[in-house]
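Down below is the structure, laid out as structure tokens.
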Amino acid sequence: MNQIIATYNLSKRYGDTYGVKDVNLSVSEGDIYGFLGPNGAGKSTTLKMILGLSRPTSGMVTVFDKEFESNRNFILSQTGSLIESPSYYGHLTGLENMRVVQRLREVPDKNVLEALKIVRLEKHKDKKVSKYSLGMKQRLGIAMALISFPKLLILDEPTNGLDPAGIEEIRELIKSLPERYGMTVLISSHLLSEIEQIATTVGIINNGVMIFQGSIEKLKSKSSPSIMIKTGDNILAHRVLRAKGFSLVRNDDFLVFEGLTDENIAQVNRTLVESNIDVLRILEHKKNLERIFLDITGKESSL
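When you line the sequence shown up against our numbering, it's residues 1 to 303, in that order.
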């Protein structure tokens, strides 16, 4: 599969401090690449360097297999982006703002109307943007990024300011882009639950350093599921199982085990039955992306 974006030891230093350090990011054609990290981790800085909005201290960026600096015009003509927050003229209508971008990007009228329709702003196109809600402004920014129907779409926190229904709309839109328009999407977010639902590949950055890159499945495999067992007498069951050498904790109404194989689970169940302790329920509890993120970054702080 063709590589659409690649960075090689990409770094950005501010004085003695690195905002981004030796990041090797790889986005393949047709990917929805989720770029994750806490606020201030280096996501926006990395995206700005990919788009030529910020010059790297060291390292290199290639887009469409071409070195960025010497192919800037070609790369940007094939790329749409929304970084940090949308830019717009508040005294103009949504349609007039789109016309400005249309002239800059030299695209036909049908692109303008199609992009507005995709983000569901066609009914509000004649309204001044100063009267738009925060969510509508965000959707207008996405429409501007989509106007040329680019091969590569880069979105920095695109669901900022959206209510749950708006987030759902944007999520479904992003999921449809690779198949519907042949786009490759790079999307940054600190909303891990959102990325989990749309991304095919994930990169996690923390303190400017890439600490994971791979498929959602590969990320989830970094953490084995917990096994939770509810019995008729959890106190007695806990004592019996500890005596048999099993490692477990009591948590609310359940006994919780980590790293059990199917054979181990069968042994636990057999031990409980032989001890005349009723087994009421056996559950597998898989950690969500957020819990895995906190585990691998060692952070308990809120994202």
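A virtual CB, placed ideally from N, CA and C, is assigned to each residue, including glycine. Computed from a predicted model, the values in this text were never measured in an experiment.
1) Quick check on DSSP: helix, strand or coil for Ile83?
2) What are the partner residues of His285, as DSSP defines its beta bridges?
3) When you compare the region 73-85 with the region 132-146, are there three or more beta-carbon pairs, one atom per stretch, that lie closer than 8 Å?
4) On the criterion of 16 or more Cβ atoms from any shown chain inside 10 Å, does Lys286 qualify as buried, or is it exposed?
5) Indicate whether the contact test is met: 3 or more Cβ pairs, each with one atom in the region 153-160 and one in the region 107-122, closer than 8 Å.
6) Please state if the CB of Val202 and the CB of Ile211 are separated by a distance shorter than 9 Å.
7) Along the alpha helix (DSSP H) that carries Lys43, what are the first and last residues, could you check?
8) Using CA coordinates, which residue listed in Val185, Leu36 and Pro86 is at the minimum distance from Leu134?
9) What is the rounded straight-line gap between the Cα of Ser189 and the Cα of Tyr33?
10) In three-state terms, what does DSSP make of Glu106?
11) Rounded to whole angstroms, what's the CA-CA distance from Thr62 to Thr261? Just pull it up for me.
12) Would you call the CB atoms of Gly15 and Gly42 closer than 9 Å?
13) Locate the beta strand (DSSP E) running through Ile187, then write down its first and last residues.
14) Who are Asn71's beta bridge partners in DSSP?
15) Does DSSP classify Ile170 as helix, strand or coil?
16) Do the region 225-240 and the region 53-60 meet, that is, are 3 or more Cβ pairs less than 8 Å apart?
17) Below 6 Å CB to CB, which residues in the same chain sit around Ala6 once its five sequence neighbours on both sides are set aside?
Judging by the given coordinates:
1) Walking along the sequence shown from the start, residue 83 turns up at place 83. In this structure, Ile83 counts as coil in the three-state DSSP scheme.
2) Start at 1 with the first residue of the sequence shown, and residue 285 comes out as number 285. Answer by DSSP bridge pairing, in chain order: Ser226.
3) yes
4) The count along the sequence shown starts at 1 and reaches residue 286 at position 286. So Lys286 counts as exposed.
5) Segment contact: the region 153-160 against the region 107-122, fewer than three CB-CB distances shorter than 8 Å; contact not assigned.
6) Taking the first residue of the sequence shown as 1, we reach residue 211 at position 211. Taking the first residue of the sequence shown as 1, we reach residue 202 at position 202. Taking 9 Å as the Cβ cut-off, Ile211 and Val202 do not qualify as a contacting pair.
7) Numbered from its first residue, the sequence shown carries residue 43 at position 43. Where Lys43 is concerned, the enclosing alpha helix (DSSP H) stretches over Lys43 to Ile50.
8) Residue 134 sits at position 134 when you count from the first residue of the sequence shown. Looking at the Cα atoms, Pro86 is the closest of the given residues.
9) The residue given as residue 189 occupies position 189 in the sequence shown. The residue given as residue 33 occupies position 33 in the sequence shown. Roughly 11 Å between the two C-alpha positions.
10) For the purposes of this step, residue 106 is taken as residue 106 along the sequence shown, with counting starting at 1. The answer is coil: DSSP assigns Glu106 none of H, G, I, E or B.
11) As a working mapping, residue 62 is identified with position 62 in the sequence shown. As a working mapping, residue 261 is identified with position 261 in the sequence shown. About 44 Å.
12) The residue you call residue 15 lines up with position 15 of the sequence shown. The residue you call residue 42 lines up with position 42 of the sequence shown. Going by beta carbons, Gly15 and Gly42 fall outside the 9 Å limit.
13) Reading the sequence shown from its first residue, position 187 is the one you call residue 187. Where Ile187 is concerned, the enclosing beta strand (DSSP E) stretches over Thr184 to Ser189.
14) Position 71 of the sequence shown, counted from the start, is the residue given in the question as residue 71. Paired residue(s): none; Asn71 is not in a bridge.
15) As a working mapping, residue 170 is identified with position 170 in the sequence shown. Reduced to three states, the DSSP call for Ile170 is helix.
16) no
17) Here residue 6 is taken as the residue at index 6 of the sequence shown, counted from 1. Closer than 6 Å at Cβ, skipping near neighbours: Ser26 and Thr62.
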